[in-house]
Structure formats: structure tokens, C-alpha cells
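Student:
Residue numbers (the numbering used here): 16 to 104.
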């Protein structure tokens, strides 16, 4: 529902790094209501058809060095549109 989408949007950090699509939460948070309704319709179609967009299946892997050693850790940056839908589930 639109209420669930708005709740999910209110719980994200605008500064979160985007995935390969470079669509930031700050952009999504500034969508007009009509765009959010379209986004919700898209999410519902994805769930109904059971087909996940191919571009959402790819993530950007970033290596982050630990400050006090030579060890690095990796993080996977997923598209914000994908993370937002997952947050609603």
C-alpha cells in the first residue's frame, strides 16, 4: 500500500550509497505522489509476476580498508529501488 511505501521511505537514510543505477534515496524521497503511486504499481507487478528486474540482480562491490590493519571488508551496494521494495516486504 502507499502507506507502507511511505513508511519504508521514512525509515531510510538519504545519504545511503546507491547501487549501479545511481538512483539515491534522496531522489526517491522527492518524487511527487504520482511517481510514488507508479512505483507502488511497479512493485505490485513485480510481486504478482514473480519476475525480478535483471538490473536489480547486480550489485556494486566496494572494498573498504579497516583503519588499523591491512585487512579490507567488502560491502555490496544494491539499487535503492530494490532495497526499498525489500524493506516493504
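Backbone N, C-alpha and C define an ideal beta-carbon position, used for all residues, glycine too.
1) Check whether the Cβ atoms of residue 23 and residue 99 lie closer than 8 Å to each other.
2) Three or more beta-carbon pairs under 8 Å between the stretch 32-39 and the stretch 65-84, yes or no?
3) Do you know how far the Cα of residue 103 is from the Cα of residue 19?
4) Can you grab the Cα-Cα spacing for the pair residue 72 / residue 36, in whole Å?
5) Can you tell me whether DSSP reads residue 89 as helix, strand or coil?
6) Can you tell me which of the three DSSP states residue 79 falls into?
Tutor: To lay it out plainly:
1) yes
2) yes
3) Their backbone Cα atoms lie some 6 Å apart in a straight line.
4) 12 Å
5) strand
6) strand
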